[in-house]
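Protein chains in written order, with the numbering used here: chain A, 332 to 577; chain B, 2 to 337. Scroll down for the structure; my scribbles are underneath it.
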Amino acid sequence: MDNPLLRIEHLTKRFGGVVAVDDVSLSIDEGELFAIVGPNGAGKTTLFNLINGVLLPDEGRMLFEGRDITHVPVYRRASLGIGRTFQIPRPFGAASVRENVAIGALFGRLAGKVSVEQALAIADDYIRRVGLRTDADKPCAVLTPVERKLMELARALAMKPKLLLMDEAMAGMNPKEIDGLVALLQRIKGEGVAVMALVEHIMRAVAGLAERVIVLHQGAVLADASTEAALSDPEVVAVYFGKPPG
Amino acid sequence: MKLHRQDLENYYALLPVLGAYLALLLVGSSQPDVWQLVAMLAFYCALGQAFNLFLGMTGYVDFGYVAFVGVGTYGMALSISGLSDMPDLGVWVIVIGLLVGAAMATVLSLAVGAVALRLRGAYFAIATIGVNEGFRYFIEGTHIWNGSDGIVFSRDLRLIFGRETAIELTTFWADVLVIGIAAMAAVVTLIYMRSKIGYALTALRADEDAAKVIGINVTKYKIMAFITSAVFAGLLGGAAWALKLTYVFPSDVFEIHYTVEAIVIVMLGGAGTLLGPIAGGLVYGLSKYWLAVILPGFQLLLFAPLLLVIVVLFPEGLVGVLKKRLRGHPLAKLII
């Protein structure tokens, strides 16, 4: 734990009087797969936005591979190795599935090292790996919601990230699709990619996916423990289901 | 670098574009009666082709665009009037004029872009409205470049080239140059589309925030498109306005209605398509010409209804619609 991939120290973000992220400290190791859970409004997405630079924190700092990235612009964090998918997928509409994924390869961690032709080949590879069975020449605008999620995952993976931030990747998927995705994430983890998944509801996925869970509540870390320990923590149970009577 | 079959196929789409410009040139030069009409059409195609590099590829509307054409015109005017005592330079004066105009457009676009391109969408559009008017009043107020008296350089042109050649330059070669500039802008557009730059622009046009998250330095690519587009505007000003008319007045060139015409042409033909500016330029130019014949003085009424119809009925423009129809068809390689 001396040299974590990402170390977050006392991160705080306020929106007016609301403290969305409250003194959060945590660290992530290479190849670690873990979930951030918490009810709606717990500050999960804000934390993600701080990590990939869409928002700047009011206090605290972040180290990625030992380097201070607290004020590094969004696009440069991507080339350092931070990839992300969105809760509601954001495909580049008119471009085809293949072109969308190739953009990830062209501008992610491989930026400057691959030609357009190579990026298109990388794209085909990841489209296949995420299990997206569709005509890759189709414009992204005509994909189904689940296909969009998979396309976005392929695009993020084509960036060859060291840390993949996944915002509610499983929302809207059926159990079979979730199992397929969990298996894929296990393989990605095997390749040394750290995965940080935001999960609001799907405990089935959390239990199968992550060995470690961080529970956020009102912006602060309520628990940071193994999945089993966190999910049986009475405080966590209280946040999710309310306090038991008596 | 080895040229693969795929590389060649990527550039098939240049055939219809260059074919169209060649046709325009051949029709015009073989039929003296229609040369003026062809020259006007070529100007509109070139204006669209140059503007499309920015508006079409980034989705940003620059209301001050004509200022780049204006400074390009001044670049040529200043070069010809300044070099008239060096007739030995001959045709190099024109080359220098084009380069000076392009350089002036580059400097202006860097200055405008560095500030305005940090703004988004509508805010960018509003910020650029002032550029054109501002530059005009700057010239008139500070009396640089002769202020509102403009620069008249027909005499200088005759001094350099002699009477015959000067006439040929203004009545024929200036328009040939415009067609050449349009074709060059089209080639650059396709090179951009096929390269990393095009992928970056496609992404940022669709969703700028998502593009940043993917690792795209959006400001850098917007400025690249902006400068490229401005350079072609500068060249166009030097050829179509300075060389053709042999005078320049600030109130003539810094005139916002050319920007509006450029927007109509690009939108009508299909923003971000390669062939769009040709389709848009020809249709717009011909309808304007026809309207000038049947309803003289009412040509300007064309803008508003035309733009409304495009935005409501077919926002992808003529070529955009055609492209959609041709999906999967062998011809799709040619129409982009």
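All C-beta atoms in this analysis are idealised placements derived from N, C-alpha and C, irrespective of residue type, glycine included. Here the structure is a predicted model, which means the values were calculated and not measured.
### Query
With a Cβ-Cβ cutoff of 8 Å, do I458/A and V432/A count as a contact?
Numbered from its first residue, the first sequence carries residue 458/A at position 127. Numbered from its first residue, the first sequence carries residue 432/A at position 101. If you check the CB distance, I458/A and V432/A come in under 8 Å.
### Task
To the nearest angstrom, report how far apart V312/B and T203/B are at their CA atoms.
Numbered from its first residue, the second sequence carries residue 312/B at position 311. Numbered from its first residue, the second sequence carries residue 203/B at position 202. Their backbone Cα atoms lie some 20 Å apart in a straight line.
### Query
Going by DSSP, which residues form a beta bridge with E483/A?
Taking the first sequence and counting its residues from 1, one reaches residue 483/A at position 152. The partner list for E483/A (beta bridge, DSSP) is empty, contrary to what the question assumes.
### Query
In the structure shown, what three-state DSSP assignment does F423/A receive?
As a working note, residue 423/A is residue 92 in the first sequence. If DSSP states are grouped into helix, strand and coil, F423/A belongs with coil.
### Message
Can you find the residues in the same chain that come closer than 6 Å, C-beta to C-beta, to A103/B, ignoring five residues on each side of it along the sequence?
### Response
For the purposes of this step, residue 103/B is identified with residue 102 of the second sequence, where counting begins at 1. Short of 6 Å from the beta carbon of A103/B, and not among the five residues preceding or following it, lie these beta carbons of its own chain, in chain order: V232, G235 and L236.
#### Entry: Member of A409/A, A452/A and G397/A whose CA lies at the smallest distance from the CA of L337/A
For the purposes of this step, residue 337/A is taken as residue 6 along the first sequence, with counting starting at 1. Closest by alpha carbon: G397/A.
### Task
Mind checking which residues open and close the alpha helix (DSSP H) that includes G199/B?
In the second sequence, the residue the question calls residue 199/B occupies position 198. Here the alpha helix (DSSP H) through G199/B covers K197 to A207.
#### Entry: 9 Å Cβ cut-off: residues of chain B touching N371/A
The sequence position of residue 371/A within the first sequence is 40, counting from 1. Within chain B, no residue comes near N371/A; the closest Cβ sits about 22 Å away, beyond 9 Å.
### Task
Spatial neighbours of M332/A within its chain, please: CB distance less than 8 Å, with the 5 preceding and 5 following residues excluded, ordered by chain position.
Translated into the one-based positions of the first sequence, residue 332/A becomes position 1. Its pLDDT being 48, under 50, M332/A is placed unreliably in this model, and the value from its coordinates should be taken loosely. Within the same chain, and ignoring the five residues on either side of M332/A in sequence, the residues whose Cβ sits closer than 8 Å to its Cβ are S358 and D360.
### Task
Compile a chain-ordered list of the residues in the stretch 427-438 of chain A whose CB is closer than 9 Å to at least one CB of chain B.
Hits within the stretch, in order: E430, N431, A433, I434, G435, L437 and F438.
### Query
Would you say K344/A reaches chain B, if we count a Cβ-Cβ gap shorter than 8 Å as a contact?
The sequence position of residue 344/A within the first sequence is 13, counting from 1. Chain B, which has no Cβ nearer than 8 Å to the Cβ of K344/A, makes this no.
### Task
Using a threshold of 8 Å, state whether the C-beta atoms of P88/B and L170/B are closer than that.
Looking up residue 88/B in the second sequence gives position 87. Looking up residue 170/B in the second sequence gives position 169. A distance of 8 Å or more separates the beta carbons of P88/B and L170/B.
### Query
Would you call S230/B buried or exposed, if buried means 16 or more other Cβ atoms sit within 10 Å of its Cβ?
What you label residue 230/B is simply residue 229 of the second sequence in a count that begins at 1. Buried: at least 16 other Cβ atoms inside 10 Å.
### C-alpha gap between D150/B and F250/B, whole angstroms
Taking the second sequence and counting its residues from 1, the one referred to as residue 150/B is at position 149. Taking the second sequence and counting its residues from 1, the one referred to as residue 250/B is at position 249. Between D150/B and F250/B, the C-alpha separation is close to 7 Å.
### Query
Closest to G462/A by CA distance: which of R479/A, D399/A and V473/A is it?
Stepping through the first sequence from its first residue, residue 462/A is reached at position 131. Per the Cα distances, R479/A.
### Task
Look at the alpha carbon of F49/B and the alpha carbon of K289/B, and state the distance between them as a whole number of angstroms.
On the second sequence, residue 49/B is found 48 positions in, with the first residue counted as 1. On the second sequence, residue 289/B is found 288 positions in, with the first residue counted as 1. Note on identity: in this sequence residue 49/B is Gly, with Phe being the wrong assignment. Their backbone Cα atoms lie some 15 Å apart in a straight line.
### Query
For chain A, is any of its Cβ atoms less than 8 Å away from the one on Y200/B?
In the second sequence, the residue the question calls residue 200/B occupies position 199. Chain A contact via Cβ: present.
### Query
Going along the chain, which residues of its own chain have a beta-carbon closer than 8 Å to the beta-carbon of M2/B, five neighbours each way excluded?
One-based indexing of the second sequence puts residue 2/B at position 1. Residue confidence is low: M2/B scores 49 on pLDDT, short of 50, so the model does not pin down where it sits. No coordinate-derived value is stated.
#### Entry: Within-8 Å CB hit, T166/B to chain A
Here residue 166/B refers to the residue found at position 165 when the second sequence is read from its first residue. Closer than 8 Å: no.
### Query
Can you tell me whether DSSP reads M2/B as helix, strand or coil?
Walking along the second sequence from the start, residue 2/B turns up at place 1. Here M2/B scores only 49 on pLDDT, less than 50, and its place in the model is too uncertain to base an answer on.
### Query
So, helix, strand or coil for D354/A, using DSSP?
Position 23 of the first sequence holds residue 354/A. If DSSP states are grouped into helix, strand and coil, D354/A belongs with the strands.
### Message
Whole angstroms are fine: how far does the CA of M58/B sit from the CA of R206/B?
### Response
Taking the second sequence and counting its residues from 1, one reaches residue 206/B at position 205. Taking the second sequence and counting its residues from 1, one reaches residue 58/B at position 57. The straight-line gap from Cα to Cα measures roughly 7 Å.
#### Entry: Those residues which DSSP pairs with V546/A across a bridge
Stepping through the first sequence from its first residue, residue 546/A is reached at position 215. Per DSSP, the beta-bridge partners of V546/A are V368/A and A554/A.
### Query
Name the chain A residues that come within less than 7 Å of R121/B, Cβ to Cβ?
Taking the second sequence and counting its residues from 1, the one referred to as residue 121/B is at position 120. Those do not exist, as R121/B stays about 15 Å from chain A at its closest Cβ, beyond 7 Å.
### Spatially closest choice to P306/B from V261/B, V179/B and G73/B, by CA coordinates
Walking along the second sequence from the start, residue 306/B turns up at place 305. Cα-wise, what sits closest to P306/B is V261/B.
### Message
Do G439/A and A489/A have their beta-carbon atoms positioned less than 8 Å apart in this structure?
### Response
In the first sequence, the residue the question calls residue 489/A occupies position 158. In the first sequence, the residue the question calls residue 439/A occupies position 108. Yes, they are a contact pair.
### For I419/A, the nearest candidate out of G384/A, D389/A, M504/A and P576/A (CA to CA)
Position 88 of the first sequence, counted from the first residue, corresponds to residue 419/A. Nearest of G384/A, D389/A, M504/A and P576/A to I419/A, Cα basis: M504/A.
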